[in-house]
Amino acid sequence: MSGAVPPGRRGRRSGGSDSRERILATARRLFAEHGFEGTSLRQVAREAEVDPAMVHHFFDGKDELFALSVELPANPAEVLSGVESVDPGQRAEAIVRAVLRLWEGPAQHGLVAFVRGTLGSKAKTALMREMLTHAILSRITAGLPGTPEEKRMRASLVATQIVGLMLMRYVVRLDPLASASQDDVVRLVAPNVQHYLTGELT
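Start counting the sequence shown at 849; every next residue gets the next number (our numbering).
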């Protein structure tokens, strides 16, 4: 792709070495301000002053642009692959084990850096919220019964357990949780996650 500006696009910047980074910086800001659903690729292109085709040249759709904007060291779709197909009544263990596999794999240092870099930054916190809602919690609660509002509440409660686990075990490294075996962590944490997924909330 040449990056030339088509007729009628006067004022748009042509492709160059900084185009991809400019698109990413713009997308990062818009996702933080308007969320995933409230941001379109055309809006990103307009704000970045590039032709919309250039966005498609560099990124394979909005999902990839969002993932790269958040700067995640791992793809949530791959980490949670298959979780949504597990029976809701048995899903908690699969969720906790997926989280442990991710955080105790090659991406751990990148994940710790991501979390530490997010805390205290309003824009990055907004991106993390969008990432949790769009890429993670929607998969965790797929197929659950109840109203949309109830499912959102269940998703938020699950997030308190998973995010708390990640912070205490891998960032703060609070013992004895930090040194507990994976099986012990699953045994202790999964029942709470399962309650939030399918138990009574009254």
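Just so you know, even glycine gets a beta-carbon here, dropped at the ideal spot from N, CA and C.
Out of Ala-1028, Ile-984, Ala-971, which has the shortest C-alpha to C-alpha gap to Ala-875?
Closest by alpha carbon: Ala-971.
Rounded to the nearest angstrom, what separates Glu-952 and Leu-975 at their Cα positions?
Answer to the nearest angstrom: the Cα atoms are 23 angstroms apart.
Taking only three categories from DSSP, how would you classify Phe-884?
In this structure, Phe-884 counts as coil in the three-state DSSP scheme.
Asp-911: which of Glu-897, Glu-932, Gly-883, Glu-895 sits nearest, CA to CA?
For Asp-911, the nearest C-alpha among the options comes from Gly-883.
Which term fits Pro-1024, buried or exposed, when burial requires 16 or more other beta carbons within 10 angstroms of its beta carbon?
With fewer than 16 Cβ atoms within 10 Å of its Cβ, Pro-1024 is classed as exposed.
Give the secondary structure of Glu-912 by DSSP, where H, G and I count as helix, E and B as strand, and everything else as coil.
Helix, per DSSP.
Quick one, are the C-beta atoms of Phe-962 and Pro-924 less than 8 angstroms apart?
Against a cut-off of 8 angstroms, the Cβ pair of Pro-924 and Phe-962 comes out as no contact.
According to DSSP, simplified to helix, strand and coil, what is Asp-1031?
Asp-1031 falls in the helix class under three-state DSSP.
For chain C, check one thing: does any of its Cβ atoms lie closer than 8 angstroms to the Cβ of Leu-920?
You won't find chain C in this structure, because it holds only one protein chain.
Got a sec? Which residues, its chain only, sit under 6 angstroms from Pro-900 by beta carbon, not counting five neighbours each side?
Within the same chain, Pro-900 has close Cβ partners Arg-890, Ala-893.
Between the C-alpha atoms of Ala-896 and Ala-915, what's the straight-line distance to the nearest angstrom?
So the alpha carbons of these two residues sit roughly 18 angstroms apart.
Tell me the rounded alpha-carbon separation between Gly-994 and Leu-1005.
Computed Cα separation, rounded: 15 angstroms.
Let me know the secondary structure DSSP gives Pro-921 once reduced to three states.
Looking at Pro-921 - three-state DSSP - the assignment turns out to be coil, as it is neither helix nor strand.
Under DSSP, the alpha helix (DSSP H) around Ile-984 begins and ends at which residues?
First-last for Ile-984: undefined, no H or E at that position.
Going by DSSP, what residue range makes up the alpha helix (DSSP H) through Ser-1004?
Where Ser-1004 is concerned, the enclosing alpha helix (DSSP H) stretches over 996-1014.
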